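K.L.:
Residues 3 to 318 (my numbering) are what the sequence shown spells out, left to right.
Just so you know, even glycine gets a beta-carbon here, dropped at the ideal spot from N, CA and C.
Note that the coordinates shown come from a computational prediction; the quantities given were computed from them, not determined experimentally.
One structure, as structure tokens, below. Some questions next.
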Amino acid sequence: MSQSDITKSNPIDKDGSFKRAAASFRNHVTKDGEFPAEAGRYHLYVSLACPWAHRTLILRKLKGLEDILPVSVVSPRMAENGWPFANVDEFPGATTDPVNDSKHVRDLYFKADPNYGGRFTVPVLWDKKKNTVVNNESSEIIRIFNSEFNHILPSDKAQIDLYPEDLRKDIDELNAWVYDTVNNGVYKSGFAQTQEAYEAAVKPLFASLDRLEKILGGKQYLFGDRLTEADVRLYTTIVRFDPVYHGHFKCNFSTIRGGYPNLNRWLKNLYWNSDAFKSTTDFDHIKTHYYWSHPMINPTRVVPLGPIPVIEPLDN
């Protein structure tokens, strides 16, 4: 198996539980640092299927970085060599790599470090001047996008702050348990290889969904009337829940639409009322990737047609 196989590159513990490996490139773009925030200097590589990469696309759109920061999109069909570009696997919405002419995302990692031995993940933030990966940790990339390009953005976009100073402690605390039990919890449930490991993941997942349901009672966003990065980070998991995680990853205590009215209302509000969320959400890429790329879970690679509708209308 190649390192791109998620069950190999993230070791399964002796108890059958899934362990996610840490990101490898952790440099930071700043106004005046080693990686200065300049228009056109960086290139973003993503999968529309991947919830971690999806975070960066939402921030890129919210902050108006599209002209400053071009993007390449891989095919959702991740196989033995990892994420392929369109020159290897044509898929609607996938593109080639105009910067490095790569065939797969793995090529970027080996160009940055010929001795690289980690995972070939997206997102990848690439520096075209230094010819290297700046950062491949989505939680850090969205912080970069939130603040570090403000000096070259129009004032209306520069003023958008999804990690405001007065909420940082609360955002960090919420992000911590949401990441462990929800964002990564669906993966720990889906990739578990023993009944015990599965139950140890899926029960905290739904306990946290119950907790989020209460938090969102009477609120537009997780922190009242203020959209923050916490909403972005949760959205990319919840929007995939009914189409993918409920069935494919055995997270089937309930659907979001069937059991969590506040979460469902919050989800639909973000999707239907914000182009940054709707235009970056591609259900064809999402469903194809999960059901096609995990033959250890779905060996037939049959992609289900439902749910119908894939996301409910806003007035439901």
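Can you grab the Cα-Cα spacing for the pair residue 8 / residue 292, in whole Å?
P.N.:
Interpretation of residue 8 is limited by its pLDDT of 44, a score under 50 that renders its predicted location unreliable; the figure taken from the coordinates is listed afterwards. Spanning the two alpha carbons is a distance of roughly 12 Å.
K.L.:
How is residue 45 classed by DSSP in three states: helix, strand or coil?
P.N.:
The answer is strand: DSSP assigns residue 45 an E or B state.
K.L.:
Only counting runs of 3 or more residues, tell me where the beta strand (DSSP E) segments fall wholly within the stretch 108-170, in order along the chain.
P.N.:
Within the stretch 108-170, the complete beta strand (DSSP E) runs of at least 3 residues are 126-129, 134-137.
K.L.:
State the beta-bridge partners of residue 39 as determined by DSSP.
P.N.:
In the DSSP output, where bridge partners are listed per residue, residue 39 has none listed.
K.L.:
Using DSSP bridges, identify the partner residues of residue 225.
P.N.:
For residue 225, which the question treats as bridged, DSSP gives the partners 228.
K.L.:
Please state the DSSP three-state secondary structure of residue 304.
P.N.:
Note: residue 304 maps to coil in three-state DSSP.
K.L.:
Can you pull the DSSP bridge partners for residue 106?
P.N.:
According to DSSP, residue 106 bridges with 86.
K.L.:
Quick check: the Cα distance between residue 135 and residue 109, rounded to an integer number of angstroms?
P.N.:
Answer to the nearest angstrom: the Cα atoms are 11 Å apart.
K.L.:
Any heavy atom of the ligand GDP within a distance shorter than 6 Å of the CB on residue 207?
P.N.:
In terms of ligand content, the structure shown is empty, and the ligand GDP therefore cannot be addressed.
K.L.:
What does a CB cutoff of less than 7 Å around residue 283 pick up in its chain, not counting 5 residues either side in sequence?
P.N.:
So the qualifying residues of the chain are 241, 273.
K.L.:
CA-CA distance, residue 154 and residue 163?
P.N.:
Spanning the two alpha carbons is a distance of roughly 15 Å.
K.L.:
Enumerate in chain order the residues of its own chain whose CB-to-CB distance from residue 295 is below 6 Å, with the five nearest sequence positions on each side excluded.
P.N.:
Only 80 meet the Cβ criterion.
K.L.:
Could you check whether the stretch 46-54 touches the stretch 74-94, counting it as contact only if at least three pairs of C-beta atoms, one from each stretch, sit closer than 8 Å?
P.N.:
Judged by Cβ distances under 8 Å, the stretch 46-54 makes contact with the stretch 74-94, as three or more pairs qualify.
K.L.:
In the DSSP assignment, the beta strand (DSSP E) including residue 256 goes from what residue to what residue?
P.N.:
First-last for residue 256: undefined, no H or E at that position.
K.L.:
If I'm right that residue 286 touches residue 94 with Cβ under 8 Å, what's the distance once you round it to whole angstroms?
P.N.:
Yes, they are in contact, since the Cβ atoms of residue 286 and residue 94 sit about 7 Å apart, within 8 Å.
K.L.:
Mapping DSSP to helix, strand and coil, what is residue 31?
P.N.:
Note: residue 31 maps to strand in three-state DSSP.
K.L.:
Are the Cβ atoms of residue 323 and residue 191 separated by less than 7 Å?
P.N.:
Nothing about residue 323 can be read from this structure; the chain reaches only from 3 to 318.
K.L.:
Spatial neighbours of residue 245 within its chain, please: C-beta separation below 7 Å, excluding the five flanking residues on both sides.
P.N.:
Here the set comprises 285, 288, 289, 309, 312.
K.L.:
Using a Cβ-Cβ cut-off of 6 Å (strictly less than) and excluding sequence neighbours within five positions of residue 176, which residues of its own chain qualify?
P.N.:
Within the same chain, residue 176 has close Cβ partners 232.
K.L.:
Going by DSSP, which residues form a beta bridge with residue 55?
P.N.:
Residue 55 pairs with nothing; no bridge assigned.
K.L.:
Residue 74 bridges to which residues according to DSSP?
P.N.:
Bridge partners of residue 74: 47.
K.L.:
Between the C-alpha atoms of residue 210 and residue 194, what's the straight-line distance to the nearest angstrom?
P.N.:
Each residue's Cα considered, the two are about 19 Å apart.
K.L.:
Just how far apart, CA to CA, sit residue 76 and residue 184?
P.N.:
Roughly 25 Å between the two C-alpha positions.
K.L.:
Give the secondary structure of residue 81 by DSSP, where H, G and I count as helix, E and B as strand, and everything else as coil.
P.N.:
Three-state DSSP puts residue 81 in a strand.
K.L.:
Is there contact here, the stretch 136-154 with the stretch 216-229, by at least three beta-carbon pairs under 8 Å?
P.N.:
Contact fails: fewer than three Cβ-Cβ distances are below 8 Å.
K.L.:
Check this for me: beta carbons of residue 234 and residue 57, under 7 Å apart or not?
P.N.:
Result yes, Cβ atoms of residue 234 and residue 57 sit closer than 7 Å.
K.L.:
Rounded to a whole number of angstroms, what is the C-alpha to C-alpha distance between residue 111 and residue 317?
P.N.:
If I take the Cα positions, the gap works out to 45 Å.
K.L.:
On the premise that residue 18 lies in contact with residue 198, defined as a C-beta separation below 8 Å, what is that separation, rounded to the nearest angstrom?
P.N.:
Residue 198 to residue 18, Cβ: 7 Å. Contact.
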